[in-house]
Amino acid sequence: MLVLAIRPSNTEEAWKPAVMKLQDNLAEVVPPVTDLVTFRANGDWQEDKGRFMLRASKATKFELVRELDEKEFFGIIQECFNSHTRPLGKCMEYHEQTSTDYDRFVVTEACVDFVNYSDTEGNNHQVFLSDESLPMEAGHDSVTMWFPDELKGELEMFGPNSIVMVIGQTSIGKVYTKETGQTDEDCLQMNGMGIFALPGGATPPQ
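Going by my numbering, the sequence shown opens with residue -11, and the numbers climb by one from there.
Below, the structure is given as structure tokens:
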């Protein structure tokens, strides 16, 4: 699933949130992450979800218009996804409110505690996020975010203590601590769709 900021037509100036599902034979048709592109797709506005639902086809191609500078990119994100943005500590509540929406996504900001790269090619990588909005309770004081191997290059652009904006889909995992191991207690996890260091927020890669 792709999360996009779109202008539905050439006559509209406001950015609208959208999700696009790619069929298996289109899974590699991925747009540049931070560039302005044009494309064609069928879709409908979902008023109750506050987003467009787009359907890709074999004719869907992303054509580069121009690169976006950092200020313009983050300005579009903030304008487009304002209603989908939550503090990290409120993302569990958001998940409970939207758990039946299988195309849900949320935008949040956080501090990168650690990036755990998988040694196996093709496996997912873990990013551990923290924020002052999270409780100080063990097992809930950070959130694990899983990123596909295709986004490893994005993870390698910053290091621990970087301040980032992330786009992801919430899920529920189990609390794990060094003292107790895995427990039966629920905790928030996220499947990552995008991660971007905020202006001036990046530290050197680990």
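Backbone N, C-alpha and C fix where the C-beta goes; we use that ideal spot for every residue, glycine too. The structure displayed is predicted, hence computed values, not measured ones.
Give me the Cβ distance between D129 and F116, rounded to the nearest whole Å; I'm assuming they're in contact under 8 Å.
-> Between F116 and D129 the Cβ distance is about 10 Å, and since that is not below 8 Å, they are no contact.
Start and end residues, alpha helix (DSSP H) containing K140 | Note, K140: alpha helix (DSSP H), K140 to L143.
For G189, collect the residues of the same chain with a Cβ closer than 7 Å to its Cβ; drop the 5 residues on either side in sequence, then sort them by chain order.
-> So the list reads S150, I151 and V152, once near-sequence residues are dropped.
Buried or exposed: where does G141 fall if 16 or more other Cβ atoms within 10 Å of its Cβ makes it buried?
-> Exposed.
Output the residue ranges of the beta strand (DSSP E) runs that lie fully inside the region 131 to 186 and measure 3 residues or longer, sorted by chain position.
-> Listed in chain order, they are 131 to 135, 151 to 165 and 169 to 185.
Is G77 buried or exposed, if buried means 16 or more other CB atoms sit within 10 Å of its CB?
-> When all chains shown are included, G77 counts as buried.
E67 to F135 span [Cα, whole Å] | E67 and F135: Cα-Cα distance of roughly 25 Å.
Inter-residue spacing [alpha-carbon to alpha-carbon] between M8 and G180 | If you draw a straight line from the Cα of M8 to the Cα of G180, it comes to about 15 Å.
Going along the chain, which residues of its own chain have a beta-carbon closer than 7 Å to the beta-carbon of G156, five neighbours each way excluded?
-> F93, V94, M133, M178, N179, G180 and M181, listed in sequence order.
Where L76 sits in the DSSP three-state scheme = Three-state result, L76: helix.
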